[in-house]
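Participant:
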DNA sequence: TTTTTAGTTCTTTTTTTGCAGAACTAAAAA
DNA sequence: TTTTTAGTTCTGCAAAAAAAGAACTAAAAA
């Protein structure tokens with residue numbers, strides 16, 4: 001599981017922390033529980049937790065009369081993060097559009113057309129996914 | 001542009017080669033043109049080209065009476081590679097399902113429900129995207 | 001057949017990344 | 001106020017990744 005997250009571009013430690021929090025019972029754990037379970041240094045755990053928080057993948061809760069933070073996977077923001085992936089599609093699309101501007105005087109129309117089709121596809125798919133997200137929101141909002 | 005591809009999990013050299021081939025006029029270049037433009041070693045270029053070919057991102061053409069290979073971005077396979085990304089969504093979904101099996105006796109129903117919703121969302125979205133891909137194929141097949 | 005050359009593979013060097021460990025900080029507790 | 005402690009930041013090292021350079025290969029050309 002950690003390896004899967006690693007492949008998504010996370011560091012090994014982030015992958016392990018994420019996997020641990022997903023499987024933990026209760027599903028929130030404090031700094032030292034994480035550190036002890038993973039047998040890692042404080043700095044490695046601290047950095048992993050901070051990065052995962054920056055990315056909105058995890059957050060933490062506290063309990064009154066206890067100064068420790070209890071870190072947990074943030075299911076809500078995970079759903080939201082799909083939007084981020086769609087934005088990535090948009091970034092690629094914009095890059096390819098810029099390429100096409102650069103290539104406007106090219107004699108190789110077939111290649112340009114190939115790129116144009118990719119741009120069109122990205123526009124098609126991201127627009128449709130936008131609609132799907134709305135659909136999902138409604139579905140969940142009503143039920 | 002190279003940096004964008006790097007963020008997608010490619011090595012810097014692969015990113016640069018890809019960016020160069022996208023902008024090149026003509027849109028196909030031989031080994032030495034690539035090497036000279038990027039001011040890189042033969043081995044770095046060779047490895048980058050081979051990996052990009054393995055991933056189907058580029059391919060090459062040849063001209064009779066010329067033994068050099070002319071490498072170019074493969075627009076068609078780029079479109080196909082979207083399917084690979086959907087498969088990744090499926091992998092995550094399967095992992096989360098396994099997590100839920102592991103968590104079946106958990107007392108934290110709210111967390112489990114959160115995970116279930118993520119799984120449902122992934123199922124919803126990947127199914128719908130499958131349909132969108134068909135739709136796109138038809139649209140392009142007819143026109 | 002010998003030579004050339006397009007590209008590969010192997011070895012080494014450089015750069016980057018990930019992590020440990022210790023020093024540190026700031027807020028809470030005593 | 002002093003002491004704890006939850007967590008951060010800094011320094012340094014080890015492992016991995018990226019790239020260089022040289023030695024090599026195999027097919028084409030001469």
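Chains as they are written, first to last, in our numbering: chain E, 1 to 143; chain S, 1 to 143.
Each residue gets a CB set at the ideal place from its N, CA and C atoms; glycine is no exception.
Can we say the stretch 74-89 of chain S touches the stretch 97-114 of chain S, given the rule of at least three CB pairs closer than 8 Å?
Facilitator: Too few Cβ pairs lie closer than 8 Å, so no.
Participant: Given that residue 125 of chain E touches chain S, what residues does it touch there, using C-beta distances under 7 Å?
Facilitator: Near residue 125 of chain E (Cβ distances below 7 Å), the residues of chain S are 132.
Participant: State yes or no: is the beta carbon of residue 55 of chain E nearer than 7 Å to at least one beta carbon in chain S?
Facilitator: So no, residue 55 of chain E is outside the interface.
Participant: Can you check DSSP and say which residues form a bridge with residue 29 of chain E?
Facilitator: Answer is E/71.
Participant: Based on the DSSP output, what are the partners of residue 63 of chain E in its beta bridges?
Facilitator: The partner list for residue 63 of chain E (beta bridge, DSSP) reads E/66.
Participant: Mind listing the chain S neighbours of residue 196 of chain E? Cutoff is C-beta to C-beta under 8 Å, in chain order.
Facilitator: A question about residue 196 of chain E goes unanswered here, because the residues of chain E that appear run from 1 up to 143.
Participant: Does the structure place the stretch 38-57 of chain S close enough to the stretch 12-22 of chain S that three or more beta carbon pairs sit under 8 Å?
Facilitator: Yes, the stretch 12-22 of chain S touches the stretch 38-57 of chain S.
Participant: Please list the partners that residue 106 of chain E has in chain S, where partner means a Cβ-to-Cβ separation under 7 Å.
Facilitator: Chain S residues near residue 106 of chain E: 25.
Participant: Taking the CB atoms as reference points, tell me whether residue 51 of chain E and residue 89 of chain E lie closer together than 7 Å.
Facilitator: Against a cut-off of 7 Å, the Cβ pair of residue 89 of chain E and residue 51 of chain E comes out as no contact.
Participant: Given a limit of 9 Å on CB to CB distance, which residues of the stretch 60-77 of chain S reach chain E?
Facilitator: From the stretch 60-77 of chain S, only 72, 73, 74, 75 and 76 have a Cβ closer than 9 Å to chain E.
Participant: Do three or more CB pairs link the stretch 123-137 of chain S to the stretch 120-134 of chain E at distances below 8 Å?
Facilitator: Yes, the stretch 123-137 of chain S is in contact with the stretch 120-134 of chain E.
Participant: From residue 69 of chain S to residue 12 of chain S, what does the alpha carbon distance come to, in whole angstroms?
Facilitator: Roughly 22 Å between the two C-alpha positions.
Participant: So, using beta-carbon positions, are residue 45 of chain S and residue 34 of chain S closer together than 7 Å?
Facilitator: In this structure, residue 34 of chain S lies closer than 7 Å to residue 45 of chain S by Cβ.
Participant: Which residue marks the beginning of the alpha helix (DSSP H) containing residue 6 of chain S, and which one marks its end?
Facilitator: From DSSP, the alpha helix (DSSP H) with residue 6 of chain S extends over 2-7.
Participant: Have a look at the DSSP bridge pairing and note the partners of residue 58 of chain S.
Facilitator: Answer is S/73, bridged to residue 58 of chain S.
Participant: Can you check which of these residues, S/116, S/110, S/1 and S/54, is closest to residue 94 of chain S by C-alpha distance?
Facilitator: Looking at the Cα atoms, S/116 is the closest of the given residues.
Participant: Check the Cβ of residue 91 of chain E against every Cβ in chain S and list those closer than 7 Å, keeping chain order.
Facilitator: Those within 7 Å of residue 91 of chain E in chain S are 4.
Participant: Taking the beta carbon of residue 28 of chain E as the centre, do at least 16 other beta carbons fall within 10 Å, making it buried, or is it exposed?
Facilitator: So residue 28 of chain E counts as buried.
Participant: By the 10 Å Cβ neighbour count, where 16 or more other Cβ atoms means buried, how is residue 111 of chain S classified, buried or exposed?
Facilitator: Result: buried.
Participant: I need the DSSP call for residue 105 of chain S, collapsed to helix, strand or coil.
Facilitator: DSSP places residue 105 of chain S in coil when its eight states are reduced to three.
Participant: Just curious, the alpha helix (DSSP H) that residue 19 of chain S is in, first and last residue?
Facilitator: Where residue 19 of chain S is concerned, the enclosing alpha helix (DSSP H) stretches over 12-23.
Participant: Given a cut-off of 7 Å, decide if residue 136 of chain S and residue 118 of chain E are closer than it, judged by their beta-carbon atoms.
Facilitator: Against a cut-off of 7 Å, the Cβ pair of residue 136 of chain S and residue 118 of chain E comes out as no contact.
Participant: Can you tell which of S/141, S/105, S/107 and S/21 has its C-alpha closest to the C-alpha of residue 108 of chain E?
Facilitator: The option with the nearest alpha carbon to residue 108 of chain E is S/21.
Participant: Consult DSSP for residue 40 of chain E and reduce its assignment to one of helix, strand or coil.
Facilitator: In this structure, residue 40 of chain E counts as coil in the three-state DSSP scheme.
Participant: Taking C-beta pairs closer than 9 Å, name the residues in chain S that residue 99 of chain E reaches, listed in chain order.
Facilitator: Those within 9 Å of residue 99 of chain E in chain S are 1, 19, 22 and 23.
Participant: Pull up the distance between the alpha-carbon of residue 25 of chain S and that of residue 65 of chain S, whole angstroms please.
Facilitator: If I take the Cα positions, the gap works out to 21 Å.
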